[in-house]
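Here the structure comes first, spelled out in structure tokens, and everything after it is commentary.
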Amino acid sequence: MVELKNVDVHYKEGGVDALNDVNLRINDGEFVFIVGNSGAGKSTLLKLLTRERVPTGGRVFVNGFNLSKLREGKIPKFRRSIGMIFQDFRLIPNLTVYENVAFVLRVTDRSRRFIRQRVPYVLNLVRLTDKARAYPSQLSGGEQQRVAIARAFASDPGLIIADEPTGNIDPELSYEIVELLKDINKCGTTVIMVTHEHDLVKYFGGRIISLKKGNVDFDDYIGGNNEGQ
Ligand code: ADP
1020 MVELKNVDVH YKEGGVDALN DVNLRINDGE FVFIVGNSGA GKSTLLKLLT RERVPTGGRV
1080 FVNGFNLSKL REGKIPKFRR SIGMIFQDFR LIPNLTVYEN VAFVLRVTDR SRRFIRQRVP
1140 YVLNLVRLTD KARAYPSQLS GGEQQRVAIA RAFASDPGLI IADEPTGNID PELSYEIVEL
1200 LKDINKCGTT VIMVTHEHDL VKYFGGRIIS LKKGNVDFDD YIGGNNEGQ
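My numbering applies: residue 1020 is where the sequence shown begins, and numbers increase by one.
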């Protein structure tokens, strides 16, 4: 569960109020699009959810952690409960697709047996089994993002945060990326996706949270154009 209670973020530099008295709640298992113009506060919101920033006022709860009170030493444990997907993929260039996914499991001390089962499972989920031995530079942008999705999901986090995941890939492949995130969501993982792409949001529909100048401007469900297809 993600909950923001009366959250303010004020940046001293520039004297900007990036978020003003924001209240929102995202329950476990939801899929939410976060939209808003540049400067609306989307990145600031994500930084709160990953505990890169603490709010100037109010409280933030994510996956059972009270982030306003989280001690520095507990941050790594908290971060392991979140899978992150970025616009620029952030794969490790000198590791194969398989190794990129296995790496996150190794650093969290998963057993070899678990890794041998889990990595092929998640690569199959994103339909990249045949690319397991390839390096990121040998893949298209869409394929690299599918590896990043497999990596984010590998440790079975309760929450996946995708920050403009379709920003660097061909528009026609963007739909496939969202479909994969929807598949992962169906497995029970909460997905929060920030996007600029109105066409995608209209196509898929669902819960949309729109930020405008640091406020929640719209938070409701819309029907998608893909319904009935
Ligand atoms: P978005 O991701 O929707 O484009 P941001 O959260 O990046 O919005 O920014 C919200 C507001 O906060 C903007 O006015 C931006 O200029 C300001 N801002 C963001 N980061 C900082 C920072 N580190 N220091 C000062 N101002 C910032």
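Built from N, CA and C at the ideal position, the CB exists for glycine as well.
Item: Supposed contact pair I1053 and M1212 - C-beta distance, whole angstroms, cut 8 angstroms; Value: 7 angstroms
Item: Which listed residue (G1076, I1134, E1022, R1129) has its alpha carbon closest to that of F1084; Value: E1022
Item: Limits of the unbroken beta strand (DSSP E) element including L1043; Value: 1035-1045
Item: Check whether Y1117 and V1138 have beta carbons under 7 angstroms apart; Value: yes
Item: Exposed unless 16 or more other CB atoms sit within 10 angstroms - verdict on K1061; Value: buried
Item: At least three beta-carbon pairs within less than 8 angstroms, the stretch 1196-1209 to the stretch 1226-1238; Value: no
Item: Contact check, G1076 vs K1024, beta carbons under 7 angstroms; Value: no
Item: Run of the alpha helix (DSSP H) containing K1096, from where it starts to where it stops; Value: 1094-1098
Item: Beta-carbon proximity check, Q1164 vs F1108, cutoff 7 angstroms; Value: yes
Item: Residue environment, I1111, which counts as buried when at least 16 other CB atoms sit within 10 Å; Value: exposed
Item: Cβ pair G1055, L1219 closer than 7 angstroms; Value: no
Item: Status (buried if at least 16 other CB within 10 Å, exposed otherwise) for K1096; Value: exposed
Item: Beta carbon of T1214 nearer than 7 angstroms to that of I1196; Value: no
Item: Member of D1189, D1202, E1049, A1037 whose CA lies at the smallest distance from the CA of A1059; Value: A1037
Item: CA nearest to the CA of L1144, picked from V1123, R1135, D1128, I1168; Value: I1168
Item: Contacting residues, own chain, Cβ-Cβ under 8 angstroms from V1235 (five flanking each side not counted); Value: V1041, N1042, L1043, I1228, S1229
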